[in-house]
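**Student:**
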Amino acid sequence: MFLSTPFDHDSIDLLSEIGLELFKVPSGEITNLPYLKHIGSLNKHVVLSTGMADIGEIEDAIDVLVAAGTDKSKITVLHANTEYPTPMCDVNLRAMQTIGQAFDVKYGYSDHTLGIEVPIAAVAMGATCIEKHFTLDKTMEGPDHKASLEPSELKDMVTAIRNIEVALGSQVKKPSPSEKKNIAIARKSIVAKVDISKGDVMTADRLTIKRPGNGINPMLWNTIVGTVAQKDYKEDDLI
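Number 227 in full-length UniProt numbering belongs to position 227 of the sequence shown; there are no gaps in the numbering.
#1: Helix, strand or coil: how does DSSP classify V105 here?
#2: Please go through the same chain and pick out, in chain order, the residues whose beta-carbon is closer than 6 angstroms to the beta-carbon of K24, but skip the five residues on each side of it.
#3: Would T70 pass as a contact of Y107 if the rule is Cβ separation under 8 angstroms?
#4: Using the C-alpha atoms, what's the distance from L136 back to E150?
#5: Give a yes or no on whether the C-beta atoms belonging to N32 and G51 are separated by under 8 angstroms.
#6: Mark T227 as exposed unless 16 or more other C-beta atoms lie within 10 angstroms of its C-beta, in which case mark it buried.
#7: For P26, I'd like the list of residues in its chain whose CB is within less than 6 angstroms of its CB, leaving aside the five on either flank, ordered along the chain.
#8: Only counting the same chain, and skipping five residues up and downstream in sequence, which positions put a Cβ closer than 6 angstroms to that of R187?
#9: Nearest-angstrom Cα distance between M190 and N163?
#10: Could you give the residue range of the beta strand (DSSP E) that holds K210?
#11: If you draw a straight line from the C-alpha of Q230 to the C-alpha of E179, how long is it?
#12: Assuming A53 and I39 are in contact, meaning their beta carbons sit under 8 angstroms apart, how far apart are those beta carbons, in whole angstroms?
#13: Does the region 79-97 come close enough to the region 109-125 to have 3 or more Cβ pairs within less than 8 angstroms?
#14: In this structure, how does DSSP classify S178 when only helix, strand and coil are distinguished?
#15: Let me make sure I understand the geometry here. Which of D63, P34, E21 has the alpha-carbon closest to that of N43?
#16: Give me the Cβ distance between C129 and L78, rounded to the nearest whole Å; I'm assuming they're in contact under 8 angstroms.
#17: What are the boundary residues of the alpha helix (DSSP H) that includes V66?
#18: Once the 5 residues before and after V201 are set aside, which same chain residues still bring their CB inside 7 angstroms of it?
#19: Is S110 near E131, with beta carbons less than 8 angstroms apart?
#20: Buried or exposed for M1, going by 16 or more other Cβ atoms inside 10 Å?
#21: Looking at K173: is its Cβ nearer than 8 angstroms to the Cβ of Y84?
#22: Hey, how far is the Cα of T113 from the Cα of C89?
#23: So, for D232: in the same chain, excluding its five sequence neighbours on each side, which residues have a beta-carbon less than 8 angstroms away from its beta-carbon?
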């Protein structure tokens, strides 16, 4: 979806007239009430950057957008720091989650750090939108180039983010399809420690626990100990 950042009312009208469905509100406009009301009245998707803002200012901006007519579900709030490049000690990535929890909105991260580590971490922390500046050459003149990514770096970031999205999984803890084959190899079973004859009582000193794991689960140790052998077992036979 194409988006653009308008900085005045004429630009908002122009973008609306050409059919833009997603508006980006820059950090510098988060306290601009008439501007926010104008965008809010369109009921389009809105990405709201929050650099330099505190939690109260973010709440006020969201309230203005919603009161003007924008459905809250269409708003994504980006945690941001406007220093270029942003020092790692000032990123405060946990604030991104605070925003999402406080206002029950989709949240993301607008990154101005050097490198790609922080936006990747943001995705792992629940970000649904990442903003990162792009340049063809970091040595070009201008304030943004140094904190931007060149084409190969942007590709690496996107690839890493897509991998993280897959790796995050479903939250259900269970053996994955790829590791099920390892159960028999890595786990252990109850086996005969010595030769056991049919009719012998299988006492603890006659049993031990060894690989492979395709026999009786060792968690059933107390159930097996004291039972009578139903057949002959050689040393190391699975019980």
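All C-beta atoms, glycine included, are put in the ideal place defined by N, C-alpha and C.
**Tutor:** Working from what's here:
#1: Here V105 sits in coil by DSSP.
#2: L3, T5, V47
#3: no
#4: 5 angstroms
#5: Not a contact, by the Cβ cut-off of 8 angstroms.
#6: Exposed.
#7: T5, S49
#8: G213
#9: According to the sequence as given, residue 190 is Ile; it is not Met. When rounded, the distance between both Cα atoms is 40 angstroms.
#10: 207-210
#11: 33 angstroms
#12: No, A53 and I39 are not in contact; Cβ-Cβ is about 16 angstroms, not under 8 angstroms.
#13: yes
#14: Here S178 sits in coil by DSSP.
#15: Looking only at D63, P34, E21, the smallest Cα-Cα distance to N43 is reached by E21.
#16: Confirmed, about 6 angstroms.
#17: 55-68
#18: Around V201: G226, V228.
#19: yes
#20: exposed
#21: Here K173 is not near Y84, since their CB atoms are 8 angstroms or more apart.
#22: 10 angstroms
#23: D195, I196, S197, K198
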